[in-house]
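> Protein chains in written order, with this note's numbering: chain A, 32 to 273; chain B, 13 to 426.
Even glycine gets a Cβ: it sits at the ideal position worked out from N, Cα and C.
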Ligand SMILES: Nc1ncnc2c1ncn2[C@@H]1O[C@H](COP(=O)(O)OP(=O)(O)OP(=O)(O)O)[C@@H](O)[C@H]1O
Ligand SMILES: [Mg+2]
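1. Flag residue 213 of chain A as yes if its beta-carbon sits less than 8 Å from any beta-carbon of chain B, otherwise no.
2. With a threshold of 7 Å, establish whether the CB of residue 77 of chain A neighbours any heavy atom of ligand 1.
3. Work out the CA separation of residue 386 of chain B and residue 184 of chain A for me, nearest whole Å.
4. Please classify residue 374 of chain B as buried or exposed, where buried requires at least 16 neighbouring CB atoms within 10 angstroms.
5. Over what stretch of residues does the alpha helix (DSSP H) that includes residue 89 of chain A continue unbroken?
6. Can residue 211 of chain A and residue 243 of chain A be called in contact, C-beta distance under 8 Å?
7. For residue 335 of chain B, count the other beta carbons within 10 Å of its own beta carbon; 16 or more makes it buried, fewer makes it exposed. Which is it?
8. Run the proximity test for residue 315 of chain B: is its beta-carbon closer than 7 Å to any non-hydrogen atom belonging to ligand 2?
9. If you count every other CB in all the chains shown that lies within 10 Å of the CB of residue 219 of chain A, and 16 or more means buried, which is it?
10. In chain B, what lies closer than 8 Å to residue 123 of chain A by C-beta?
11. Got a sec? Which residues, its chain only, sit under 6 Å from residue 103 of chain A by beta carbon, not counting five neighbours each side?
12. Residue range of the beta strand (DSSP E) that residue 120 of chain B falls in?
13. Looking at the secondary structure, which residues open and close the beta strand (DSSP E) in which residue 170 of chain B lies?
14. Is the CB-CB distance between residue 149 of chain B and residue 196 of chain B below 8 Å?
15. Taking the alpha-carbon positions, what's the residue 50 of chain A to residue 101 of chain A distance?
16. Excluding the 5 residues preceding and the 5 following residue 392 of chain B in the sequence, name in chain order all residues of the same chain whose CB lies nearer than 7 Å to its CB.
17. So is residue 266 of chain A buried or exposed if we call it buried at 16+ other beta carbons inside 10 Å?
18. Please confirm if residue 117 of chain A has its CB atom under 8 Å from at least one CB of chain B.
19. Does the count of Cβ pairs from the region 83 to 97 of chain A and the region 133 to 144 of chain A closer than 8 Å reach three?
20. Run through DSSP, which three-state label would residue 129 of chain A get?
21. Using only CA atoms, which one of A:225, A:132, A:74 lies nearest to residue 41 of chain A?
22. How about residue 269 of chain A: is its C-beta nearer than 8 Å to some C-beta of chain B?
23. Which first and last residues belong to the alpha helix (DSSP H) in which residue 387 of chain B is found?
24. In three-state DSSP terms, what is residue 187 of chain B?
25. Which term fits residue 236 of chain B, buried or exposed, when burial requires 16 or more other beta carbons within 10 angstroms of its beta carbon?
26. Rounding to the nearest angstrom, what Cα-Cα distance links residue 354 of chain B and residue 46 of chain B in this structure?
27. For a test of your reading of the model: does the CB of residue 255 of chain A fall under 7 Å from any non-hydrogen atom of ligand 1? Yes or no.
28. Just to check, is the beta-carbon of residue 208 of chain A closer than 7 Å to a non-hydrogen atom of ligand 2?
29. Among residues of its own chain, excluding the 5 on either side of residue 105 of chain B, which ones have a beta-carbon nearer than 8 Å to its beta-carbon?
30. Just curious, the beta strand (DSSP E) that residue 110 of chain B is in, first and last residue?
31. Do residue 187 of chain B and residue 53 of chain B have their CB atoms nearer than 8 Å?
32. Closest Cβ-Cβ distance between residue 96 of chain A and chain B: below 8 Å?
33. Would you say residue 211 of chain A touches ligand 1, meaning its beta carbon is less than 7 Å from a heavy atom?
34. Runs of 3 residues minimum, wholly inside the region 109 to 184 of chain A: which ones carry the beta strand (DSSP E) assignment?
35. Pop quiz: residue 144 of chain B and residue 151 of chain B are said to be a contact at Cβ under 8 Å. What is the actual Cβ separation, rounded to whole angstroms?
36. With a threshold of 8 Å on Cβ separation, who are the neighbours of residue 180 of chain A within its own chain once the five nearest residues in sequence on each side are excluded?
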């Protein structure tokens with residue numbers, strides 16, 4: 032009974048995950064060497080570790096952008112290893128948001144259009160799109176920049192637009208790979224506070240990959256990766272205690 | 013698509029390519045088509061009847077081998093094949109002698125002569141556009157009046173109204189001497205003709221060369237004036253079956269324009285220009301656009317990665333890439349066609365004068381190169397313009413499939 036409840040609340044379930052990349056003519060490089068992890072609804076957690084420890088690789092597999100070599104990874108009750116590319120795209124489209132180190136806004140589109148993009152893929156009506164985009168931009172304090180283009184924005188503003196784009200469809204899971212790497216301290220804190228607010232307000236689960244101390248200081252749970260293995264898994268604070 | 017700068021290069025490439033294609037088509041249609049048309053009007057007809065012997069010795073203008081009993085022949089041709097206009101033609105060579113007031117030779121020049129009906133109807137003059145070629149004097153209005161090329165007129169110091177004497181040989185090999193009055197002069201714009209041409213009414217030539225009821229050839233022109241090769245070949249086959257007269261070298265034989273030596277080749281070529289150009293263009297442009305596409309495609313892998321992360325599938329992205337390419341192709345094709353047609357139109361209306369280069373040409377090619385816009389010219393850019401962009405995009409987009417999703421995604425992270 033207890034396990035059933037646990038299972039219902041878990042967003043990511045990883046068992047015995049191994050990821051190998053082909054290297055050279057015949058060899059392999061093993062980036063993830065047997066990982067077990069459960070992430071529950073509403074967590075604000077991070078994969079932390081030195082460069083090359085496998086954070087991005089792990090995050091990509093959770094994000095269905097890559098497949099496990101061994102083991103089983105369930106994301107939102109779907110077995111990532113057995114999803115077709117179509118099903119994976121569907122899952123990303125409906126349930127996941129991504130935030131990257133470089134903000135990756137489409138340069139020719141306005142802020143509004145960049146944020147609207149995921150809703151277009153979901154075939155939402157124009158009215159609903161407008162309502163959702165404006166609402167999201169409001170959370171992020173971007174209402175005055177609706178018609179600006181990325182080139183006219185500061186780095187911090189760009190990253191907030193990227194967060195808005197990830198959040199606009201109210202995903203269950205947001206994956207953020209080094210989201211503060213291109214930001215100064217003030218903007219980093221600003222962004223992190225915003226994300227924490229969204230986490231607490233909307234119960235969105237955030238998984239970070241980072242080695243930035245500023246990010247780490249906001250996390251509720253820190254999973255240390257070292258050389259493709261989990262070295263430590265620590266719950267550092269409870270929700271709502273920052 | 014919103015990214016104008018990214019689409020600009022391919023649009024320019026397509027525009028240029030389509031423009032060149034359209035222009036090339038109009039140019040070749042114009043130059044070859046005109047040469048073909050002039051040759052048909054001037055010497056070959058759409059179909060031609062002559063004796064086998066005459067055809068075999070054509071270059072000597074062997075009037076001793078000419079068709080005889082032409083009146084009967086023409087009557088039966090008119091009865092059998094009423095879809096053609098049948099006309100008599102006689103080509104001849106000779107000397108043109110300009111006498112002084114005492115009747116002695118003042119000047120002399122070699123001439124090539126062409127006898128055709130000038131007086132009974134306007135058909136032939138209209139067909140060959142003779143009235144438009146008139147430089148000095150007027151058009152012949154009665155027997156004994158001739159037209160000469162303006163160059164010859166100048167060379168022999170002639171003026172309209174002057175009397176000239178043709179020295180040639182009759183159909184029976186005797187010397188022929190015949191007096192004419194120069195009515196006017198013509199500028200053909202075809203060097204071969206301008207050097208020394210004389211246009212005489214067919215009846216006068218028959219008198220001068222003792223060729224009553226004979227002619228070098230009988231030409232047939234479709235009444236709508238459009239050459240129809242299938243029909244011409246059918247007529248020819250039918251005629252030659254009827255007049256099959258083995259061994260008789262004076263028996264009439266018919267030939268169609270398309271099977272006529274050099275003309276036959278250019279006829280086939282003109283007919284297939286569109287195909288040739290389209291093929292070459294699709295090939296060349298696809299390669300150029302593939303390369304252009306590769307560059308922009310590579311620059312776009314980051315965008316593709318992002319779109320995948322947001323939830324688009326590879327196949328959707330690939331399709332949208334091709335859709336964009338098709339749109340670029342359409343825009344480029346439209347602008348290219350407009351530009352190409354404009355340039356072709358200018359060259360159709362004004363032409364390029366090549367007189368100095370054509371001086372020694374022996375081809376029936378006009379001194380003025382002109383393009384000709386045909387219905388095909390309007391559409392010829394369409395197929396290659398769109399196909400090549402789509403092929404170009406398809407080739408460069410293969411990279412999306414070749415790369416691992418995670419690798420595309422990686423482009424985002426640095
Ligand atoms: N496609 C690939 N092919 C081969 N090796 C790879 C591939 N992707 C990652 N690796 C290797 O796997 C290891 C883990 O890479 P990963 O990008 O996950 O590290 P990371 O923890 O995100 O590092 P960083 O902090 O620098 O971003 C590295 O040694 C990397 O070289
Ligand atoms: Mg990384």
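So, to answer that:
1. no
2. no
3. 54 Å
4. Caution applies to residue 374 of chain B, whose pLDDT of 49 falls short of 50 and renders its modelled position unreliable; the value that the coordinates give is listed next. Label assigned to residue 374 of chain B: exposed.
5. 86 to 93
6. yes
7. exposed
8. no
9. buried
10. 320, 321, 322, 323
11. 46
12. 117 to 128
13. No beta strand (DSSP E) contains residue 170 of chain B, which DSSP labels as neither H nor E.
14. yes
15. 7 Å
16. 33, 34, 37, 286, 289, 290
17. exposed
18. yes
19. no
20. strand
21. A:74
22. no
23. 387 to 391
24. strand
25. exposed
26. 20 Å
27. no
28. yes
29. 73, 122, 123, 124, 125, 180
30. 96 to 111
31. no
32. yes
33. no
34. 127 to 130
35. Rounded, the Cβ-Cβ distance is 11 Å, inconsistent with contact.
36. 138, 139, 140, 141, 142
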